[in-house]
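Counted from 1, the sequence shown has number 169 at position 169 by full-length UniProt numbering; the numbering is strictly sequential.
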Amino acid sequence: MARDPEQVRLKVVDDMTAKPGEVVRLKPSGTDFPRAEPPSSQPPGRVLLHSASPAATPLPVPEKLEVPRTSERRTHDPGIDSLIEDTTVVAKPLEETWNDRERARRPTPWGWFALFGLICGGAVVWSLVHLSSNSTKPETARDESVARLEQDARENAAAEVRVDRITDTARSFVAAASIDQMLPLVRQPERVRPLMEGWYARHPLTRGRFKSLSTFRPITLGDRASFWQVGCLLADETTRELIIEELPDGKMAVDWETSVIYQPMDWNDYTRDRPTGSFDFRVILQSDVFFSHEFSDSTRWSNFRLSTLGGEDPLYGYCQRDSETERYLQNLISRNRGRPVALVIRISTPPDLKSPRGVVIEKVMSEHWVYLTPPDA
1 MARDPEQVRL KVVDDMTAKP GEVVRLKPSG TDFPRAEPPS SQPPGRVLLH
51 SASPAATPLP VPEKLEVPRT SERRTHDPGI DSLIEDTTVV AKPLEETWND
101 RERARRPTPW GWFALFGLIC GGAVVWSLVH LSSNSTKPET ARDESVARLE
151 QDARENAAAE VRVDRITDTA RSFVAAASID QMLPLVRQPE RVRPLMEGWY
201 ARHPLTRGRF KSLSTFRPIT LGDRASFWQV GCLLADETTR ELIIEELPDG
251 KMAVDWETSV IYQPMDWNDY TRDRPTGSFD FRVILQSDVF FSHEFSDSTR
301 WSNFRLSTLG GEDPLYGYCQ RDSETERYLQ NLISRNRGRP VALVIRISTP
351 PDLKSPRGVV IEKVMSEHWV YLTPPDA
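The structure is reproduced here in C-alpha cells:
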C-alpha cells in the first residue's frame, strides 16, 4: 500500500521556551466538567488535569524526563531525521524477479560478438576486392567485349562450315552406287577396300536419297573428340546411322565398318558351323558364370557372354583367369560400371572342342566398334 504523500512529521517542541496551552478534557454526554484553570507558576513541562468530581485534587506531577543532548548520544544511534526521512522504496513486480538469478549466472556470449565481427570484416574485405577488380578502365572492358564477340562470331562461322561439310559427306555417302564412289568418303580406305569387296559380294549395295539430318551430336572415342554421330533421314523415311570423323586436314570421313556393322562372316553361320581359325567379331560382352565341358573349372577359366546385333544365339568366350586378356576385359566392364561393353575381339574354336557354345578369347582388338588406328599398324 502506497504511503500518503502528505506524510506526518514530528514537530520538536522546546519545553523551555514554549508556553503551556489550555487542555480540555473530553467528557461523556450529560456530564459537566469544570473549566480547567490556566497554569500559572508551575514549572515548564507540567500539565494539570481537572478530575470529573467537584472536589478534584491535583494529580501527582511526574518528574521531567531528562534527555541527553544530541552531542552526548552514541555515535551509532541514528538521528530522528534519518528515521523519518522521506524515502520511498518501490518493489519490483513479482514476475520481473523470476529470471534475475538465471540472468546473473548466464555468461556473456563473446563468441557471437567475435563471429559477427568476422562476418563484418569479411564483407569489408570482399567489397574492397570487388571494387579493385572492377576498376578496369572502360576502354579495356569495351575492347575485351569486342574481342569476345569476334571470337564467338569466328566459332559460329566455323561451326556452320563444319555442319555443311558433314551434311555434304553424309549426302554423298548414302547416294554412292559403287565401292569406288564410297572410297574417297571413308576412313582408312586402303585397309577397308578388301573388306568392302568381300562384304558387298555377300550383301547387295543399296543407295538412298538423302533428305536431312535427323540427329547430330559429338562423341569422344578414346582420347579423340573429333567424331560425330549423325542420323540420315532418307526419302523413304528410313534412317541410316553414321559415325563421321573430322580429319586433321578438315576433311570429313565416314567409318564404313560401323555403317554396315561389318563382321568377317554371318554370326548365325559361325555359331552353327563353328569353323576353326581366328575371327575378329564386333560383339557385346558381359561377365557370366556358364562353365561346362572343357571350361568347367572356374578357378582356371573366366567366362563372358558374347552377342551381336541381329544375332540369334549367344556364345560364351573363355580366357585364362588372371591373364592379361582377362584383366583387360574386367577393367573395361568396371569402367562401364558393370554394364555390357561393345568392342572388337578375336575368338577361335579349337579343334575337337566338345563345348557346344564355348570359344576361346584370344585378344581384344579394339575397345570400340571403331578402329581408332588400323589394327595391323
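Built from N, CA and C at the ideal position, the CB exists for glycine as well. Owing to the predicted nature of the structure, the values given are computational and were not obtained by experimental measurement.
In the three-state DSSP reduction, Asn336 falls in the coil class, being neither helix nor strand.
Counting along the chain, Val260 sits inside the alpha helix (DSSP H) bounded by residues Trp256 to Val260. By alpha-carbon distance to Arg202, the top candidate from Thr299, Gln263 and Leu332 is Gln263. Contact check for Val364 and Thr325: beta-carbon distance about 7 Å, within the 8 Å limit, so the pair qualifies. Looking only at Glu190, Val359 and Pro374, the smallest Cα-Cα distance to Tyr316 is reached by Val359. Between the region 302-321 and the region 267-281 there are three or more inter-stretch CB-CB distances shorter than 8 Å, so the stretches are counted as touching. Contact check for Arg321 and Arg300: beta-carbon distance about 6 Å, within the 8 Å limit, so the pair qualifies. For Ser214 against Thr239, the beta-carbon gap comes to about 6 Å, under 8 Å, which counts as contact. Note: Ser278 is bridge-paired with Ser348 in the DSSP secondary-structure output.
Along the region 171-221, the beta strand (DSSP E) occurs as fully enclosed runs of 3 or more residues at 210-221, listed in sequence order.
In the DSSP assignment, Thr239 is bridged to Leu233. DSSP places Tyr316 in the uninterrupted beta strand (DSSP E) bounded by Leu315 to Gln320. The beta carbons of Ile179 and Ile244 sit no closer together than 7 Å. Nearest to Gln188 by alpha-carbon distance, out of Tyr328, Glu246 and Glu155, is Glu246. Scanning its chain for C-beta atoms nearer than 8 Å, with the 5 sequence neighbours on each side dropped, one finds around Ile361 the residues Phe304, Gly317, Tyr318, Cys319, Thr325, Leu329, Ile345, Arg346 and Ile347, in chain order. Between Asp249 and Ala141, the alpha-carbon positions lie close to 36 Å from each other.
Contact between Glu257 and Ser355 fails: their C-beta atoms lie close to 29 Å from each other, not under 8 Å.
Under the 8 Å Cβ criterion, the region 182-199 does not count as touching the region 217-233, having fewer than three qualifying pairs. The beta carbons of Thr276 and Thr349 sit closer together than 7 Å. Of the residues Ala123, Arg191, Gln151 and Arg154, the one whose Cα lies closest to the Cα of Thr373 is Arg191. Where Arg305 is concerned, the enclosing beta strand (DSSP E) starts and stops at Trp301 to Ser307. A distance below 7 Å separates the beta carbons of Phe173 and Val254. In the three-state DSSP reduction, Arg357 falls in the coil class, being neither helix nor strand.
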